[in-house]
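Here our numbering = 1-based position in the sequence shown + 168.
Some notes on the structure that comes next.
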Amino acid sequence: MENNIISKLNYKISDTYQINLISYEGEGAPHRILSNENEFIILDNNNYGVCHGVYNESKGLKITYIDPNLEMTINNGIITIENSKSE
């Protein structure tokens, strides 16, 4: 049984990269992004850090941590991070 989408968030972190967060019902849903010039942290719905990344136009994108309960896909500079569609 699939859960319903409870929120979607699109956030452009640079000219090259965009993050799409898709949150399904359940625990640990990616909820918001904190970002500065070249670094971002994604928080879940309990405000725990679930993903950390650093990017640089010359060196690219480096994901230094992602919660194993989340799924991440990267396609043409669009990073999609979502929790499980089913419980």
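No residue lacks a Cβ here, since even glycine has one placed at the ideal position from N, Cα and C.
- Taking all protein chains in view, the Cβ of aspartate 212 is crowded by 16 or more other Cβ atoms within 10 Å, so the residue is classified as buried.
- One thing to note: asparagine 171 has its Cβ within 7 angstroms of the Cβ of tyrosine 192.
- Scanning the region 191-228 for uninterrupted beta strand (DSSP E) segments of 3 residues or longer gives 198-203, 207-212 and 217-224, listed from N- to C-terminal end.
- Judged by their CB atoms, isoleucine 181 and isoleucine 187 are nearer to each other than the 7 angstroms cut-off.
- Counting of Cβ neighbours within 10 angstroms places proline 236 among the exposed residues, the total staying below 16.
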